[in-house]
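Be aware that the sequence shown starts at 1421, since it is given in the working numbering, and climbs by one per residue.
All C-beta atoms, glycine included, are put in the ideal place defined by N, C-alpha and C.
Because the structure is a prediction, the values reported are computed rather than measured.
Please read the structure below before turning to the comments.
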Amino acid sequence: MKSQTSLLNKTLLSHFSGTVFWLTVVFMALNIIALPVSIWIVTYDPMAAPDAVRQNAADVLFQLSAGQLIIGMIFTVFLAMFILNYLNDEGSSDFMHGLPVKRTAMLIHALITGFTAIVAPLVITALLLIAERMIFIPEITMTDIGKWFLYALFVHCVIFSIAVFAGFLVNGLFLHMQIITLIVFLPLALWGLTYVTASILYDGIPTEFFVNSEPVLNATFPYIAVMQLYEGISILKSTIWGITAIVLIALSFVLYKARRNENVTHTFNFKWLRALLVAVTTITGMLAIGAGISMFLAASAAVTVIGFIIGGVISYIIIEMLFQRNARIQLEWKSVLTTLFIIIVFWGIFLFGWNRYVNFVPAADEVDSVYISTVYSNDNPEMTAENFKEGYLLHSDKNTIQTVIKVHEITIEEKERPGVDYMGENGNIEITYKMTDGSFVSREFDTIKADSQAIASVSEINSAEYDVHSDILANLKEDSEFTLALGMNDVREGDDLTAEYQEELGTLKTYRPDIVNNTGRVSVELYFHNDGAFSGSYVYGESSIYNKAIMDAVRADYFNYTDILDIDETSAMYTAELSDEQMYTFFEDFKTMPIYDLADEYELGEIHESNGGTKDMIDHINEEGLNPQGNKLLIYSYPYFGGPMHETPAGIDFSILAIQ
């Protein structure tokens, strides 16, 4: 005879399974569509380049599984919500807890049901992938399918543990969904909006958000889960999140044992948690609304302050509505005062911290090398260190470091509050210090005047000879795996061109520094392959078109000068013949004066498309070549140039080339 306990356990499993049965069926159907069906389609769809898909079958499997993973994480959240929904109703809670089953056993049954609902669809999907491999796509290996299965199972279990833990913090299905969302995304949302707000209020903050947000991004599990499909699975990050999941499940048992049934009528099981979440979420909403008002109505500091006050009030009301069981809110002075106190503390830390951040200038003896430019770059210091020689973009000369620190100090004194209408009137300075401890300190300023002494000092740093530090091809490591494009043209033998470019680097130092540093800059796109990931990374930079390696490639008809410089008959063109004395001032004025004023000042000759002038100039460049030792310059715009914006410096829309 079967024991009553055994029958009861089966009844519990049957109850929990019935609660999520149809949800599991829907997940399984979406799983099949998102992965096996999608792979079958891209393998046979001519528009999807099936040959390329088969050659990179493992990459395609993991990249397409990103959609399946997102669907699975959403399913897992609803799975936990439905399984634990009995806790949110007073009658259901009393009935379930009136059964002769310990809470620990009840939660174990709930977890077994959830785990089974996760595993079963994944197993069926894996079997379909194996069948596809045997029939259609043998390029997908069993190892790849196994890796996908284990990783998908891991991700779903981590999200499930977070969702289960969240269920013991609140009472209510909608509240359960809210608290899961807040646990997962609130840190990233708060940091992101704090960063955006600081960028609006202060000049000097780098625009590269992801480089400066790695700790917060690592704490956002859905982001990490998806990105690891493209960048490669990190054992360290996965281990940390696996341990976190185990801890959360253990805490769920503790919270369940301590839970009191009479509290089911309360929205939150912990009053302090509700007060904290109301305050933090209000701050997040305040920053979002206030930053939006500041961006679109950048009239004055008073408008900014009013915008944040309005944002705080609106956010608090909305949060109170969401955290209660109905839309009619009951304001409590204790909650209002607690929120107000935390907001005041937040702004105190915000203003103190960001003021110190933007006004920080390192001591010279703490700096190993430095990069400075008046043109923004998108370089990641870690990627630069991996793929480029030590001197790329960085000056280690002590005099240069002292000069950059002085420029930094001048910039801090002259910077203003960022606005939306400074383009064309102000200059840009980007500074990156590599510290002696190996860390990087970056600042970007765009509210100083274009004729500032700081801007002039930057130009003088590289005036003695050709600036090898900023030449991307000159500093590329020989063992890097990459594909190369000059301008819009892919280079078939990028390794050979780069090697020859570095061999011929010395000739650039024999030319006039002002010519080679300010003219003939060709855009370079490098795509680095990464064996440890399922995709690579793009890096952009500039090199000199006057290098003999590029000139030889032009003579060999790989491409022509105007193609890689992106010049065509619709480009606006001017010519200039300058004396040696005029050359330096011309390059400085080019960065600050509008093109029409520059044309009047230096008597530039305009070339018109209507009479075939631009076509003749293009033919002249490609047939006669370039002359970095002469005094004749071509000032040209990008194609289909419609004219400059009012008071925009020529350097924004135009480039310069030394011609015969």
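(request) Given a cut-off of 8 Å, decide if Leu1610 and Ile1703 are closer than it, judged by their beta-carbon atoms. (result) yes
(request) Please specify which runs of the beta strand (DSSP E), each continuous and at least 3 residues long, are wholly inside the segment 1717-1784, giving them in chain order. (result) none
(request) For Ser1872, name the three-state secondary structure that DSSP assigns. (result) If DSSP states are grouped into helix, strand and coil, Ser1872 belongs with coil.
(request) Report the rounded CA-to-CA distance for Asn1895 versus Ser1859, giving the unit in angstroms. (result) Roughly 21 Å between the two C-alpha positions.
(message) Could you check whether Arg1776 and Thr1687 sit closer than 8 Å to each other, using their CB atoms as the reference points?
(response) no
(request) Keeping to the same chain, check which residues put their C-beta closer than 8 Å to that of Ser1872; ignore five residues upstream and five downstream. (result) Ile1830, Thr1831, Glu1834, Gly1847
(request) Starting from Glu1995, trace the beta strand (DSSP E) both ways and give me its first and last residue. (result) Just to set this straight, residue 1995 is Thr in the shown sequence, not Glu. Looking at the DSSP string, the run of the beta strand (DSSP E) that includes Thr1995 is 1993-1997.
(message) Tell me which residue opens and which closes the alpha helix (DSSP H) that Gly2033 is part of.
(response) 2033-2044
(request) Can you tell me which of the three DSSP states Gly2071 falls into? (result) helix
(message) Considering only the alpha carbon of each residue, which of Thr1856, Met1855, Arg1837 lies closest to Lys1869?
(response) Arg1837
(message) Are the CB atoms of Ser1658 and Phe1585 within a distance shorter than 8 Å?
(response) no
(request) In angstroms with no decimal places, state the Cα-to-Cα distance between Tyr1743 and Trp1692. (result) Note that residue 1743 is Phe in the sequence shown here, rather than Tyr. The straight-line gap from Cα to Cα measures roughly 13 Å.
(request) Determine the burial state of His2040: buried for a count of at least 16 other Cβ atoms within 10 Å of its Cβ, exposed for fewer. (result) exposed
(request) Could you please give the first and the last residue of the uninterrupted beta strand (DSSP E) stretch that includes Phe1902? (result) 1902-1906
(request) Would you kindly check if the distance between the Cβ of His1889 and the Cβ of His1828 is under 8 Å? (result) no
(message) Assuming the contact rule is C-beta atoms closer than 8 Å, Lys1818 and Glu1885 should be a hit. Round their C-beta distance to whole Å, please.
(response) That pair is no contact at about 18 Å.
(request) Confirm, please, whether the CB-CB distance from Gly1961 to Ile1892 is below 8 Å. (result) In contact: Ile1892 and Gly1961 (Cβ atoms closer than 8 Å).
(message) What does the Cβ neighbour count give for Met2013, buried or exposed, with the cut at 16 atoms within 10 Å?
(response) Under this definition Met2013 is a buried residue.
(message) Short of 8 Å in beta carbon distance, which residues of its chain neighbour Pro1782, apart from the five on each side in sequence? Order them along the chain.
(response) Ile1825, Tyr1853, Met1855, Val1861
(message) Measuring CB atoms only, is the segment 1600-1607 touching the segment 1635-1648, in the sense that at least three cross pairs come out at less than 8 Å?
(response) yes
(message) Looking at the secondary structure, which residues open and close the alpha helix (DSSP H) in which Ser1793 lies?
(response) First-last for Ser1793: 1787-1793, but that is the beta strand (DSSP E), not the alpha helix (DSSP H).
(request) From the DSSP output, read off the bridge partner residues of Val1543. (result) Paired residue(s): none; Val1543 is not in a bridge.
(request) Buried or exposed for Asp1866, please, with buried defined as at least 16 other CB atoms from any protein chain shown within 10 angstroms of its CB. (result) buried
(message) I'd like the span of the alpha helix (DSSP H) that includes Asn1819, first residue to last.
(response) 1818-1834
(request) Could you tell me if Pro1541 is buried or exposed, where buried requires 16 or more neighbouring beta carbons within 10 angstroms of its beta carbon? (result) buried
(request) Kindly indicate the opening and closing residues of the alpha helix (DSSP H) around Asp1887. (result) From DSSP, Asp1887 is part of no alpha helix (DSSP H); its letter is neither H nor E.
(message) Looking at Met1526: is its Cβ nearer than 8 Å to the Cβ of Leu1593?
(response) no
(message) Three Cβ pairs or more, each shorter than 8 Å: is that satisfied between the segment 1571-1586 and the segment 1483-1497?
(response) yes
(message) Tell me whether the segment 1543-1553 and the segment 1506-1516 touch, counting them as touching only if at least three CB pairs, one residue from each stretch, are closer than 8 Å.
(response) no
(request) Please determine if the segment 1986-1997 and the segment 1957-1972 are in contact, where contact requires at least 3 C-beta pairs separated by less than 8 Å. (result) no
(request) Would you mind sorting Val1674 into buried or exposed? The rule is 16 or more other CB atoms within 10 Å of its CB. (result) Exposed: under 16 other Cβ atoms inside 10 Å.
(request) On the DSSP bridge assignment, give the partners of Ser1877 in chain order. (result) Looking at the DSSP assignment, Ser1877 forms no beta bridge with any residue, so it has no partner.
(request) Taking the CB atoms as reference points, tell me whether Ala1969 and Glu1920 lie closer together than 8 Å. (result) yes
(request) Report the rounded CA-to-CA distance for Phe1770 versus Leu1707, giving the unit in angstroms. (result) 12 Å
(request) Using the Cα positions of Arg1523 and Lys1677, report the straight-line distance between them to the nearest angstrom. (result) 7 Å
(request) Measure the beta-carbon distance from Thr1939 to Val1878 and round it to whole angstroms, keeping in mind my assumption that it falls under 8 Å. (result) The distance from the Cβ of Thr1939 to that of Val1878 is about 17 Å, inconsistent with a contact at the 8 Å cut-off.
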